[in-house]
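A.B. asks: Sharing a structure here in structure tokens format.
Numbering (my numbering), first residue to last: 177 to 654.
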């Protein structure tokens, strides 16, 4: 490493300074937003993330906490996939669809060799991230190599949808550290999103039969979600009465209720949850869960006990689950995982960024930016380390969801193998902002609704070409 660094130091310094100029100096986007959406990428340079002598990347959830590059927490992260896509591609190819994969069932061990079971949100996330990693490569070699296993992993989820109604109802272990039961919009929206990504990949691989199966399940599930889980304001969880030991959000308003639909906006894929109900649900999250001061809510919540103070009294944030229509008394199960119900009272930046990116993608720009600004204020230097967003330990991986906010704000629609690069910014008017694509990075300038793309760095540029500072303006935008 030292020898490589020494031999390439001038080049690496030029690239780094070129990126700083492109991201910060040349951009017209709000400074706080540029800082907050990129700061967590520094997690790669902390003791959360390791690369072993054999080349393997391995991540804690946060420094020294919860091992195994887990599929659920790291499923929220967007920053590494956009800034260093080869790292996430390695994790999909060698870990999730490599050493953690069960060929006979399609199951993916959610903590590699340290957690030999499926986390259902993580299983869905692996399929979604496989499509993302495919789009951030210049060709389709990754997808062709791993498509049989990606398909098998999605088939594993389909097999658990025993009545083929597009919703999952059985045991669903998840990032809230417990088995949940019964249909819930959170996990089922991820399932439907995974089906949408599976449909897209199947079409690219010429597997029309499987693509058709995915489309059929999406149609059924989208309808079923609205019919059975939408209460007129937001989507809920219908816990299985046969499992009183399990935690549940029930009638609560849960931050991640539409995580699947949120993820599809990151990928530029067609929606699986109708727009009308989606907007109502997001507005409900802003109304019921977002607060300028978490103290009064925490003081008033006497039913769901406990919760860590990632946002202190006097600080604002998005509470993971509130109960505007009652039902909090059914949230804490009677089993050994009852302790984890305390999470519902907490504020996690990874959830906030996921919701904010979704709001922005759906046109709720002011609401989404308000969530990001509140998180940024909590991590102001006089309060906390602005580069260390804490959840279960320091430099927590879920916080890399922040880059998804940026992706939504610039309206990136990218598919590397086909050469598609499109921008539909949430902000109007003339503006400049950085972009990262499979073949390089640079600046986009929007004028009269039309993007002009200028690359500062191109992958595979010859040694004779400067690494930074290409003046070429390309019109690759569709």
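For every residue, glycine included, the Cβ atom is placed at its ideal position computed from N, Cα and C.
Excluding sequence positions up to five away, which residues of its chain have a Cβ less than 7 angstroms from the Cβ of residue 215?
C.D. replies: Against the chain shown, residue 215 aligns to sequence position 39. If we look at residue 215 and ignore the five residues flanking it on each side, its Cβ neighbours are 562 and 563.
A.B. asks: Taking all protein chains shown into account, do 16 or more other C-beta atoms lie within 10 angstroms of the C-beta of residue 468, making it buried, or fewer, making it exposed?
C.D. replies: Here the question's residue 468 lines up with position 292 in the chain shown. Residue 468 comes out exposed.
A.B. asks: Here's the rule: buried if 16 or more other CB atoms are within 10 angstroms of the residue's CB, otherwise exposed. What is residue 423?
C.D. replies: Within the chain shown, the letter at position 247 stands for residue 423. Under this definition residue 423 is a buried residue.
A.B. asks: Does the separation of the CB atoms of residue 253 and residue 574 fall below 9 angstroms?
C.D. replies: Working through the chain shown from its first residue, we reach residue 253 at position 77. Working through the chain shown from its first residue, we reach residue 574 at position 398. Yes; because the gap between Cβ atoms is below 9 angstroms, this pair is in contact.
A.B. asks: Please tell me whether residue 432 and residue 496 are closer than 9 angstroms, where the distance is taken between their beta carbons.
C.D. replies: Within the chain shown, numbered from 1, the residue matching residue 432 stands at position 256. Within the chain shown, numbered from 1, the residue matching residue 496 stands at position 320. Yes, the Cβ-Cβ distance between residue 432 and residue 496 is below 9 angstroms.
A.B. asks: Considering only residues of the region 469-494, which uninterrupted alpha helix (DSSP H) runs meet the minimum length of 4 residues and lie entirely inside it, listed in chain order?
C.D. replies: With a minimum length of 4 residues, the continuous alpha helix (DSSP H) runs that stay inside the region 469-494 are 471-476.
A.B. asks: Anyone know if the C-beta pair for residue 336 and residue 296 falls short of 9 angstroms?
C.D. replies: On the chain shown, residue 336 is found 160 positions in, with the first residue counted as 1. On the chain shown, residue 296 is found 120 positions in, with the first residue counted as 1. Result yes, Cβ atoms of residue 336 and residue 296 sit closer than 9 angstroms.
A.B. asks: Between the C-alpha atoms of residue 350 and residue 248, what's the straight-line distance to the nearest angstrom?
C.D. replies: Counting from 1 along the chain shown, the entry for residue 350 is found at position 174. Counting from 1 along the chain shown, the entry for residue 248 is found at position 72. Each residue's Cα considered, the two are about 7 angstroms apart.
A.B. asks: DSSP three-state call for residue 334: helix, strand or coil?
C.D. replies: Residue 334 sits at position 158 when you count from the first residue of the chain shown. In this structure, residue 334 counts as helix in the three-state DSSP scheme.
A.B. asks: Taking the continuous beta strand (DSSP E) assigned at residue 621, which residues delimit it?
C.D. replies: On the chain shown, residue 621 is found 445 positions in, with the first residue counted as 1. Counting along the chain, the beta strand (DSSP E) containing residue 621 begins and ends at 616-623.
A.B. asks: Relative to the alpha-carbon of residue 409, which residue among 391, 453 and 444 has its alpha-carbon at the smallest distance?
C.D. replies: As a working mapping, residue 409 is identified with position 233 in the chain shown. Checked all of 391, 453 and 444; the closest Cα to residue 409 is 453.
A.B. asks: Beta carbon of residue 461, beta carbon of residue 550: below 9 angstroms?
C.D. replies: Taking the first residue of the chain shown as 1, we reach residue 461 at position 285. Taking the first residue of the chain shown as 1, we reach residue 550 at position 374. No.
A.B. asks: Identify, in the order they occur along the chain, each residue of the same chain with its Cβ nearer than 8 angstroms to the Cβ of residue 643, setting aside the five sequence neighbours on each side.
C.D. replies: On the chain shown, residue 643 is found 467 positions in, with the first residue counted as 1. For residue 643, the pLDDT reaches just 38, beneath the cut-off of 50, and the residue's location in the model is therefore unreliable, leaving the point undetermined.
A.B. asks: Our contact map puts residue 629 next to residue 588 with C-beta atoms below 8 angstroms; I'd like the distance itself, whole angstroms only.
C.D. replies: Taking the chain shown and counting its residues from 1, the one referred to as residue 629 is at position 453. Taking the chain shown and counting its residues from 1, the one referred to as residue 588 is at position 412. About 12 angstroms separates the two Cβ atoms, so there is no contact after all.
A.B. asks: For a test of the three-state rule: what should DSSP assign to residue 464, helix, strand or coil?
C.D. replies: In the chain shown, the residue the question calls residue 464 occupies position 288. It is helical.
A.B. asks: Can you tell me which of the three DSSP states residue 601 falls into?
C.D. replies: Counting from 1 along the chain shown, the entry for residue 601 is found at position 425. DSSP places residue 601 in coil when its eight states are reduced to three.
A.B. asks: Please classify residue 272: is it buried, with 16 or more other beta-carbons within 10 angstroms of its beta-carbon, or exposed?
C.D. replies: For the purposes of this step, residue 272 is taken as residue 96 along the chain shown, with counting starting at 1. Buried, because 16 or more other Cβ atoms sit within 10 Å of the Cβ of residue 272.
A.B. asks: Among 346, 300, 212 and 241, which residue has its Cα nearest to the Cα of residue 327?
C.D. replies: Residue numbering aside, residue 327 sits at position 151 when the chain shown is read from its first letter. The option with the nearest alpha carbon to residue 327 is 300.
A.B. asks: Which term fits residue 398, buried or exposed, when burial requires 16 or more other beta carbons within 10 angstroms of its beta carbon?
C.D. replies: Here the question's residue 398 lines up with position 222 in the chain shown. Under this definition residue 398 is a buried residue.
A.B. asks: Near residue 579, which residues of its chain fall below 6 angstroms by C-beta distance, leaving aside the five closest residues on each side in sequence?
C.D. replies: Position 403 of the chain shown holds residue 579. Excluding sequence neighbours, residue 579 sits near 213, 254, 255 and 258.
A.B. asks: Please report the distance separating the alpha-carbon of residue 543 from that of residue 527.
C.D. replies: By one-based count along the chain shown, residue 543 stands at place 367. By one-based count along the chain shown, residue 527 stands at place 351. If I take the Cα positions, the gap works out to 14 angstroms.
A.B. asks: For residue 581, report the span of its alpha helix (DSSP H) as first-last.
C.D. replies: Here residue 581 refers to the residue found at position 405 when the chain shown is read from its first residue. Its alpha helix (DSSP H) spans residues 578-586.
A.B. asks: To the nearest angstrom, report how far apart residue 484 and residue 567 are at their CA atoms.
C.D. replies: Here the question's residue 484 lines up with position 308 in the chain shown. Here the question's residue 567 lines up with position 391 in the chain shown. So the two alpha carbons sit approximately 9 angstroms from each other.
A.B. asks: Exposed or buried, what is residue 224 when buried is set at 16 or more other beta-carbons lying within 10 Å of its beta-carbon?
C.D. replies: The residue given as residue 224 occupies position 48 in the chain shown. With 16 or more Cβ atoms within 10 Å of its Cβ, residue 224 is classed as buried.
A.B. asks: Rounded to whole angstroms, what's the CA-CA distance from residue 514 to residue 416? Just pull it up for me.
C.D. replies: For the purposes of this step, residue 514 is taken as the residue at position 338 of the chain shown. For the purposes of this step, residue 416 is taken as the residue at position 240 of the chain shown. Spanning the two alpha carbons is a distance of roughly 16 angstroms.
A.B. asks: Report the residue from 446, 591 and 362 whose alpha carbon sits nearest the alpha carbon of residue 405.
C.D. replies: Residue 405 sits at position 229 when you count from the first residue of the chain shown. Selected option, being the one with the closest Cα: 362.
A.B. asks: Between the region 340-347 and the region 388-403, can you find at least three pairs of beta-carbon atoms closer than 8 angstroms?
C.D. replies: Contact between the region 388-403 and the region 340-347 is present, because at least three Cβ pairs lie under 8 angstroms.
A.B. asks: Does the beta-carbon of residue 181 have 16 or more other beta-carbons within 10 angstroms, so that it is buried, or is it exposed?
C.D. replies: Locating residue 181 in the chain shown gives position 5, counting from the first residue. By the neighbour-count rule (16 or more Cβ atoms within 10 Å), residue 181 is not buried but exposed.
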